[in-house]
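Residue numbers (UniProt numbering): 1 to 289.
The following block contains the structure:
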């Protein structure tokens with residue numbers, strides 16, 4: 001089976017095989033523009049921002065199917081173009097206006113709904129220019145529930161969006177090219193913990209065909225979300241009590257940063273090293289003191 005270039009670059013198949021997981025048992029909240037009704041994403045549950053489940057036919061509020069494309073990178077179950085964590089459970093929240101731009105108040109509501117639905121991860125492949133009380137409340141709810149929020153750094157290197165820049169304890173993702181270099185026109189700063197492929201990442205479109213032109217930190221973010229889901233699933237297999245997975249959630253940013261590939265100024269994610277670090281963490285916790 002031919003794999004997408006980012007799969008080969010990160011050796012995702014090897015991580016699946018070595019650690020015997022493709023994300024089972026983990027629930028990921030995808031906050032974006034919604035998900036279209038296409039076969040590779042038929043298993044994704046769709047919700048309004050308030051947590052009301054939508055009809056199974058699906059809907060994407062974006063003119064360019066942004067939410068469908070980001071969801072396909074992490075969640076697709078079609079062998080022609082698999083997601084990074086196809087066996088995880090997915091909750092997709094539509095939080096965009098008619099132009100496909102996410103609204104901070106709706107993002108906040110979706111975060112609170114994700115907490116109530118017991119998500120293990122929250123994936124936000126976008127930036128926000130402004131905050132609202134509802135958004136702040138949603139972010140606080142996720143933080144209180146110890147649910148990691150993974151967000152795109154942004155595609156304008158000159159901009160400093162309110163979210164994620166001014167949000168505490170958010171895992172911010174940069175984008176690399178096929179040559180493992182930071183894409184300098186996108187946003188990247190030394191404090192960001194991790195990067196992932198973000199140029200011409202293949203995705204499913206809202207029509208159900210494949211596009212090979214999706215670029216930006218929005219493409220890199222669901223890759224990190226998928227690798228995080230693999231890690232949580234593996235932690236659950238090592239420690240069925242759930243304490244190991246909680247420890248991973250609490251340390252997710254540092255685990256990804258410290259296991260990333262050199263050089264340190266790029267911090268390209270390394271799925272195999274990340275999973276090995278999780279094994280060390282969970283097994284150390286299980287040792288009697």
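The beta carbon of each residue, even a glycine, is placed where N, CA and C say it ideally should be.
inquiry  = Do residue 134 and residue 108 count as a contact pair if the criterion is CB distance below 7 Å?
reply    = yes
key: Cβ-based burial, residue 97 [other Cβ within 10 Å; buried from 16]   = exposed
task = With a cut-off of 8 Å on the beta carbons, I'd call residue 243 and residue 285 a contact; round off their distance for me.
result = The pair is a contact, with the Cβ atoms about 7 Å apart (cut-off 8 Å).
ask   = Just how far apart, CA to CA, sit residue 221 and residue 247?
value = 21 Å
inquiry  = With the cut-off set at 7 Å, would you say residue 21 and residue 234 are in Cβ contact?
reply    = yes
task = Please specify which runs of the beta strand (DSSP E), each continuous and at least 3 residues long, are wholly inside the region 109-158, giving them in chain order.
result = For secondary structure counted as the beta strand (DSSP E) over 3 or more consecutive residues, the region 109-158 holds these complete runs in sequence order: 121-124, 149-152.
key: residue 213: first and last residue of the uninterrupted beta strand (DSSP E) it sits in   = Counting along the chain, the unbroken beta strand (DSSP E) around residue 213 starts and ends at 210-214.
query = Does DSSP classify residue 48 as helix, strand or coil?
reply = strand
query = Mind checking residue 236: buried by the 16 CB within 10 Å criterion, or exposed?
reply = Counting C-beta atoms within 10 angstroms of its own C-beta, residue 236 has 16 or more neighbours from the protein chains shown and is therefore classed as buried.
key: Residue environment, residue 212, which counts as buried when at least 16 other CB atoms sit within 10 Å   = Residue 212 should be labelled exposed.
ask   = Where residue 165 and residue 128 are concerned, what is the direct C-alpha to C-alpha distance, given to the nearest angstrom?
value = 9 Å
task = Have a look at 202, 230, 263, 161 and flag the residue whose alpha-carbon is nearest the alpha-carbon of residue 17.
result = That would be 230, whose Cα lies nearest to the Cα of residue 17.
request  = Pull up the CB-CB distance for residue 147 and residue 119, whole angstroms please, since I reckon it's below 8 Å.
outcome  = 6 Å
ask   = alpha helix (DSSP H) containing residue 232: first to last residue?
value = 217-238
query = Would DSSP call residue 273 helix, strand or coil?
reply = helix
ask   = Rounded to whole angstroms, how far is the Cβ of residue 274 from the Cβ of residue 227, which I believe are closer than 8 Å?
value = 6 Å
inquiry  = The beta strand (DSSP E) that contains residue 349, what's its start and end?
reply    = Look at the range of the chain in this structure, 1 to 289, and you will see that residue 349 is not part of it.
Start and end residues, alpha helix (DSSP H) containing residue 91 = Where residue 91 is concerned, there is no enclosing alpha helix (DSSP H), although the beta strand (DSSP E) it sits in stretches over 89-94.
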